[in-house]
Each structure stands twice: as structure tokens, then as C-alpha cells.
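The structure appears right after this line, and notes come after that.
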Amino acid sequence: QEKSCHLSAALLGEDSEISQDQLYELLKYAALGKCHNAAQPSWCHIYHQSHLAGVVVVVLQEMSQLHFYRFYLQFKHLRKVFRHRFTLAPSANFPVSLCRERTNLKPQNTPQGLTSSSSECITKSSDLKCDPIIQRYGGKKQGLTSYTLTLEEQKKNDYPIEGSPACKGYISTECDQQRTDSSPLFGLDCEMCLTAKGNEVTRVSLVDAQGQCLLNELVKPESTVVNYRTRFSGITKKMLLPVKTRLSDIQTRLKKMLPLDAVLVGHSLNSDLQALEMIHPSVIDTSLLFARSEGRRFKLKFLAKAVLGKEIQCEQKLGHDPTEDARAALELAQFFIEQGPTKVAELNLEMLLTAEKSAEVSQNKAVLQPQGCGFQEQLNEPPPLSKPCFLDCLQVTGQKPLLLGRQGLDSSGLCQSNLSTSNKQILQRALEDVPLSKFSIVQFSLGPEYLASHLHAGLYEKVRSKLTDMLTIYAGPFEENFCMKSVKKEFGRCGPIQSLTVVTETFQPFVCIQYEVLEAAQLAVESLNGAEVAGSFIKVQRPVTAAMLDCNVLIKELELDVENEGVIYVAGLKKSLTETDLQDEFSQLKDLETMFLPKDLQSGKHRNCCFLKFHKTQSAVDALEAINGWTMKGSQLRSRSALAPGHLWRWIWQMNHSNKKQGNHIFYEKMEQLSNSEQDLRKKVKKLDHYIKKLYRSLQNNTLCVVLFPGVDSVHGSQSGLGLIGIKDDEGRSAC
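Its first residue numbered 1, the sequence shown is counted upward by one per residue in the UniProt record's numbering.
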């Protein structure tokens with residue numbers, strides 16, 4: 001049975017602030033595993049990384065944490081699916097920043113074409129010692145057995161291995177005779193479609209050492225086809241309708257056709273053998289044979305052109321021709337064996353690839369520039385070539401990362417980039433292309449009319465105003481000479497108070513109390529409304545404003561937020577208690593995972609409340625019942641379910657303590673402009689949420705999905721970003 005991937009992240013309180021570097025750390029490990037020095041992130045642990053089906057990053061251009069919480073009710077899918085969130089340092093352009101690992105060296109002079117006879121392409125013998133091909137195979141010509149993968153190399157590169165639990169039910173070719181340098185070579189290639197089961201074979205081609213086609217057969221998948229991948233496979237629904245051949249038939253035919261000492265050749269042949277569910281002991285993988293530094297791989301199309309002078313996988317054709325690909329891989333292996341490592345290294349394939357990329361950039365520049373904000377345009381320099389960047393490293397997955405968006409996200413040649421004119425078009429391309437890519441970035445946008453700085457300022461004021469109202473309660477009426485100290489003490493048991501003032505405009509005195517956390521205000525409304533405080537039976541309520549009419553709906557949705565599952569809020573703690581004291585007191589609670597103690601960001605002192613996170617939701621419910629009524633060091637505790645996810649604490653504190661002042665005429669002008677467009681904005685955000693929902697549902701299980709509100713960083717001010725992460729499971733939710 002396939003292992004299920006999941007992740008855990010301790011994103012509570014200050015730990016929920018994640019830097020750009022930490023985000024890259026996660027993406028790099030998810031995509032590459034332990035290759036390229038990719039380490040398991042310290043803040044987020046991915047279990048069974050090798051079983052990840054892919055990585056998808058959805059970037060909501062020019063949107064920030066502010067947008068998510070202003071339109072919290074509209075982002076219905078996001079808040080119900082992704083249980084891990086974090087505050088992110090604002091990024092001007094996330095795809096651009098993926099290339100930050102490169103140095104600032106400019107490219108050297110490169111050859112004008114891909115002709116291997118060009119004198120500029122020949123590497124000096126003194127430089128050959130550093131070539132990855134020479135370092136791996138040495139300089140002398142050797143027989144074909146020197147280039148077959150060892151058992152360890154096959155294991156490392158995910159080849160089906162006899163006796164492996166993951167290969168239970170696989171069929172062996174039983175070609176177990178000793179190989180020699182005279183053993184016959186066979187080129188193999190398959191085309192796959194995406195089914196409910198995963199990748200299944202739809203076409204198989206086998207060629208002999210002379211390039212003659214021995215097998216070119218369509219195969220009917222066992223499971224329902226989800227995506228025919230016609231653009232790449234050339235397979236359509238109509239083609240497969242009359243097909244009767246099944247995978248078992250192909251397995252039987254291959255066993256009969258291959259001699260006992262056969263050596264199979266292919267490009268990333270592991271994928272073909274996995275799809276065929278067959279085990280073969282002796283293989284030459286041309287994606288590994290033509291070695292590159294740091295585990296990167298050349299594409300078959302490039303090698304065929306640079307080494308053999310052949311054009312394959314032409315864009316004019318519908319899909320790849322597996323016979324053509326099998327023959328190309330075979331001829332590449334034969335060229336390598338006949339010419340030897342030194343001759344291959346002298347071709348300087350890295351320089352040839354650079355020349356090809358430069359030519360692509362020149363051709364695309366005129367198309368990309370009118371779109372504005374192109375990837376290269378923003379870097380203001382040619383792509384440096386001296387050190388592989390993040391996107392470079394990702395090509396080790398066997399194909400270019402995919403970038404989809406409205407603008408020229410990448411002109412460096414590192415990605416498959418597709419421009420679209422609307423979010424709907426981007427979604428349609430994503431539904432078709434994302435399942436074919438191991439690493440995808442999909443960028444949506446609200447449109448330029450909603451990105452003006454004055455609208456951001458107006459949005460900030462609206463969110464700050466509503467948040468202030470939700471943190472504020474009115475209590476009363478009290479007697480004329482009531483004791484303010486008693487009122488402060490009683491309401492202080494619900495949580496940290498930012499301000500407490502007497503309302504004098506009423507016939508009898510009322511008190512206005514503004515808390516520092518949402519849970520404290522809600523706890524006061526729930527526990528003290530109708531209670532006797534300072535000698536009076538009082539009413540406790542929030543301000544009645546137009547913006548607060550949906551407050552109860554918002555509170556309910558916050559309680560149901562998946563990120564708040566298993567988290568409770570506890571108030572009434574004495575400030576003299578240390579974190580160690582509290583850990584000792586709460587250690588008796590079952591399944592307690594972690595504790596977060598909010599602190600004043602100026603003084604560093606902890607507040608009189610804390611958040612407790614439990615491994616199981618039921619344990620949190622049991623803890624609520626147990627804690628209410630607890631007395632700790634003479635202080636009675638109060639508790640309720642958490643409302644504000646951990647990453648919000650610092651943000652709420654900063655908004656509460658903001659001294660930003662504006663002239664009324666400026667403020668109302670911004671608010672009026674925002675009000676005129678906010679109804680349309682709500683509709684756009686709701687539609688955006690729906691698009692992400694459709695994309696998410698189309699993903700394979702065990703796909704890591706990251707949704708980024710990258711934040712806003714401009715001369716007019718900055719707004720923190722927000723990240724949501726999860727691994728899709730069988731139920732369509734993110735696994736934790």
C-alpha cells in the first residue's frame with residue numbers, strides 16, 4: 001500500500017513567522033529530498049518525502065495577510081482546507097526570488113549554435129579534469145558494462161528492484177544472464193496518462209540496436225483516465241476506445257522479446273519501468289550517463305540535437321513519439337560508448353545549453369516585454385550562469401518547473417512559462433499542465449485596478465477598525481460611585497486589557513474595555529453578560545456598527561477554522577508564574593503538544609493568558625472542561641476555544657499599537673474609493689477561492705500545496721504576507 005505523506009509544523013505564536021529562506025528550505029526539500037544539500041526544514045517536518053507526488057505553489061499576486069482576513073468569509077475553501085499557516089516577510093516577486101541563489105556573475109561569450117564542431121564549444125584538455133563526465137567515468141573508452149547502473153545506483157534513482165516491498169506484484173523480465181560488452185542494447189520508451197491509480201502506460205515502444213522498431217503498441221489503462229496528457233503523450237480518448245491490449249499483455253510480450261543478456265536503454269528509464277511494473281537488472285539511463293554537476297540532468301530533446309544533430313519532440317507534432325524517443329536514447333548511449341567520455345566532455349554540453357537558453361531568451365524578449373514586469377526585466381541583468389539556482393536544481397526531477405501566470409514570469413529558460421490574459425485561462429492551463437509537472441508555480445491576480453497603494457491603505461484602515469471593534473466591549477450600567485479597580489480585576493481575568501475608560505455620555509456610567517486578544521473579548525461577553533460586577537448586574541456587549549453586523553458569523557467561522565482545531569485559550573494566569581511553572585501545571589493534561597505564552601513586544605513580559613495546543617481535538621475539549629474552574633496559585637482560570645490562529649498574535653498587537661494618523665479628508669477619500677470597489681472585490685476574491693478549490697481537487701494525493709499571499713513591500717508601506725501549507729490526502733483536505 002502506498003505510503004501517505006503528511007507534515008507537522010509547530011506554528012504557534014512567534015514560531016509562526018517564517019522567513020523567505022525558511023520557505024525556500026521547505027520547497028527545496030519537498031522537491032529534491034536530500035539531494036543538493038536539501039535538508040529537512042527545522043520548522044516543518046515532511047514525513048515520507050520520497051512519496052510526494054509533486055509540489056504546487058499558488059501565488060496570489062500583490063495580496064497580503066490583510067486581504068485574507070478582510071475577506072476571511074469569502075476565502076471559504078482556503079480556511080477550511082489548510083490547517084498550517086504562517087506569517088511571511090513581504091516579497092516583491094516570489095518567482096524572481098527563487099533565483100536568488102545565483103551569483104551576480106554575467107554570462108561569458110557563448111557559441112552561436114549547437115554545432116559540436118564549433119571551436120568555441122571545445123573544452124581545453126586542462127579543463128576536462130573538472131568535467132562531471134570525466135570525474136565519473138575517467139577519460140578512457142570502456143565497454144558498455146561500465147555504463148550500466150549498479151544496484152545501489154538503481155535504488156538511489158527509484159528503479160524497480162527485485163524483493164523491494166514497493167515492487168510487490170511487479171513482473172521480472174528474467175533476463176538474468178551475465179552481461180558482457182557484447183550484450184545487445186534495446187531502446188525503450190513509454191507514454192503515460194494520469195488515471196485514478198496514478199501514472200499508467202498508454203503506449204510502449206521498443207527498438208533494437210539497429211534502431212528497428214520491434215514494438216509500438218497502444219495499451220488500455222486499468223483505471224479511469226483523469227488526464228490523457230495529449231500535449232505530451234499524443235494519446236486521445238478516441239485512440240484508446242478500440243484498444244484491447246492490457247499491461248499484462250505487454251509484460252508477457254516484452255519477456256518473450258528480450259534475450260537473457262539484454263541491456264535496456266532509456267532516458268529516465270526508471271519512470272518507464274515503474275509504469276510497466278517490470279523489473280530489469282541491467283539498464284543504461286542516458287539522463288545519468290551524460291552526467292552534470294549537482295545531480296542536474298539534460299533533457300532528451302537537447303541531447304539529441306547537441307550530440308546527434310537530430311530534432312525530436314517537435315512542437316508541430318501532437319505529443320511525443322515513443323519510438324523516436326527510444327531510438328534517440330539508444331543512439332546517445334551508442335555514441336557515448338563508441339566515442340568515450342573524453343570526446344563527449346569535449347562537446348562542452350553545458351556551454352551548448354547556455355547558448356540554447358540565450359537564443360530562447362532573445363526570441364522571447366520582444367513578446368515578454370510588453371506584458372510588463374517580466375522576470376528578466378525585474379532583475380535588470382542577464383541570468384548569471386556560475387552557480388545553479390533553486391530552479392536549476394529542480395530540473396533533477398526530469399523536467400522543467402512549470403510557471404503559469406498573467407505576465408512573463410520567467411525568461412531564463414529554466415521553466416516552462418505560459419502567459420494568459422485572465423485567471424480563468426490560468427486555471428484551465430493549470431488543470432491540464434500541473435499534473436504533468438513535479439514542481440509548479442501558478443500565479444493568480446485580482447487585476448491592476450485593485451493593486452493601487454491608496455486602496456491598500458483604505459483596506460488596512462477598514463481591517464484595523466473592525467479588529468478594534470471586535471476587541472472592544474461595553475459593560476454597564478454601574479452605580480454612580482462604582483469601584484473601577486473591581487471592574488478592571490474582574491474583566492482582567494478574561495485576558496490582557498489594552499485600555500479601560502469610563503463612558504460619561506450615558507445616564508448611568510458604562511465602561512469601555514479594549515482587549516489585546518479576540519478570545520478575551522469573546523470570553524468577557526460569554527461569561528460576564530448578566531453577571532454582578534462592582535455591585536451591579538451588568539450587560540456586556542460589543543459596539544453596534546455596520547461593520548459589526550456579521551460579527552457573530554465571523555466568530556463562529558473562526559471557531560471552526562481548521563487551524564484552531566485542538567487549540568484552546570486560557571486566561572487568568574498570574575504574571576508571576578514562569579513558563580516552567582505553567583508547563584508543570586498543565587503537564588497533567590492529556591495529549592498536550594505545545595504551549596504559547598503571548599508577550600508584550602515592547603517590554604518582553606508575558607501576558608496573563610496562554611494558548612494550549614493538543615494532538616487530538618477531543619483532548620482539547622476535555623481540557624476546556626477541566627480548566628474552567630481551576631485555581632492556579634490562588635487565581636481562578638477561564639478558558640474557551642481559540643479564535644485567532646497563532647500567527648495573528650504579533651500582527652494584532654502591531655495593529656493595536658499603531659500610531660499611524662491620517663487627516664480625515666485623506667482617510668474618507670480612501671474609504672470612499674475602497675467602498676466603491678469592495679463589492680466587486682468580494683466577488684473576485686470569492687471566485688479566486690473557487691479557482692483554487694478546483695485546482696486543489698485536481699491534484700494527486702500526496703501533493704504538497706503551498707498558497708502564498710506574498711505581501712506588499714513598496715514606498716507607500718509594507719504588509720506582511722501569509723502562507724498556507726498542506727499535503728492533499730484522500731479526502732481532499734490537507735494532511736497533518
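Think of the CB as a built atom: it goes at the ideal place given N, C-alpha and C, for glycine as much as any other residue.
It is roughly 8 Å from the alpha-carbon of Gln-177 to the alpha-carbon of Ala-262. Note: Gln-61 is bridge-paired with Ser-445 in the DSSP secondary-structure output.
Comparing alpha carbon positions, the residue from Ile-473, Pro-598, Ala-644, Leu-589 closest to Ala-620 is Leu-589. When C-alpha distances from Arg-327 are compared across Asp-189, Glu-557, Leu-518, Val-685, the shortest belongs to Asp-189. Note that the C-beta distance between Ala-520 and Cys-551 is not below 7 Å. In the three-state reduction of the DSSP assignment, Val-562 falls in the helix class, which pools H, G and I. Minimum Cα-Cα distance from Leu-52 among the listed residues Gly-138, Phe-302, Phe-439 corresponds to Phe-439. Along the UniProt domain "RRM" (471-545), the alpha helix (DSSP H) occurs as fully enclosed runs of 4 or more residues at 484-492, 518-528, listed in sequence order. Burial check for Phe-709: the Cβ neighbour count within 10 Å reaches 16 or more, so the residue is buried. Measuring C-alpha to C-alpha distances from Val-58 to each of Ile-426, Pro-281, Arg-231, Thr-202 identifies Ile-426 as the nearest. Under the Cβ criterion (8 Å, minimum of three pairs), the segment 141-160 does not count as touching the segment 291-305. Considering only Gly-629, Glu-432, Lys-605, the residue with the shortest C-alpha distance to Ser-527 is Gly-629. A straight line joining the alpha-carbon of Pro-281 with that of Leu-247 spans about 20 Å. Residue environment: Gly-143 is assigned as exposed (fewer than 16 neighbouring CB atoms within 10 Å of its CB, all protein chains considered).
A distance below 7 Å separates the beta carbons of Gln-498 and Glu-516. Looking at the DSSP output, Ser-172 sits in a beta bridge with Ile-279.
For the pair Thr-545 and Gln-514, the CB atoms are not nearer than the 7 Å cut-off.
7 Å or more divides the Cβ of Gly-572 from the Cβ of Leu-612. Burial state of Thr-506 is exposed, judged by a 10 Å Cβ sphere holding fewer than 16 other Cβ atoms.
In this structure, the beta-carbon distance from Val-201 to Val-219 falls below 7 Å. Looking at Arg-253, Val-567, Ala-475, the one whose alpha-carbon comes closest to that of Leu-643 is Val-567. Shown here for Leu-66: same chain residues with a beta carbon closer than 7 Å to its own, the five before and five after excluded, namely Leu-459, Tyr-460, Val-463, Gln-719 in chain order. Nearest to Thr-145 by C-alpha distance, out of Met-63, Val-265, Ser-50, Cys-5, is Val-265. Scanning its chain for C-beta atoms nearer than 6 Å, with the 5 sequence neighbours on each side dropped, one finds around Gly-405 the residues Gln-443, in chain order.
For Glu-200, the beta-bridge partners assigned by DSSP are Cys-193.
For Thr-703, the enclosing beta strand (DSSP E) has its first and last residue at 703-709. A direct Cα-Cα distance of roughly 19 Å separates Gly-309 from Ala-291.
Glu-174 is classed as exposed because its beta carbon has fewer than 16 other beta carbons within 10 Å across all chains shown. With at least 16 other beta carbons inside 10 angstroms of its own, Arg-79 counts as buried. Under DSSP, Met-257 takes part in no beta bridge, so it has no partner. In this structure, the beta-carbon distance from Gly-711 to Ser-64 falls below 7 Å. Following the DSSP letters along the chain, one finds Tyr-47 inside the beta strand (DSSP E) bounded by residues 44-47. For the options Glu-162, Ile-337, Ser-603, Glu-350, the alpha carbon positioned closest to that of Cys-130 is the one of Glu-350. Here Leu-151 is exposed. Its C-beta has fewer than 16 other C-beta atoms within 10 Å. Rounded to whole angstroms, Lys-633 and Tyr-72 show a C-alpha spacing of 39 Å. A distance below 7 Å separates the beta carbons of Thr-195 and Ser-223.
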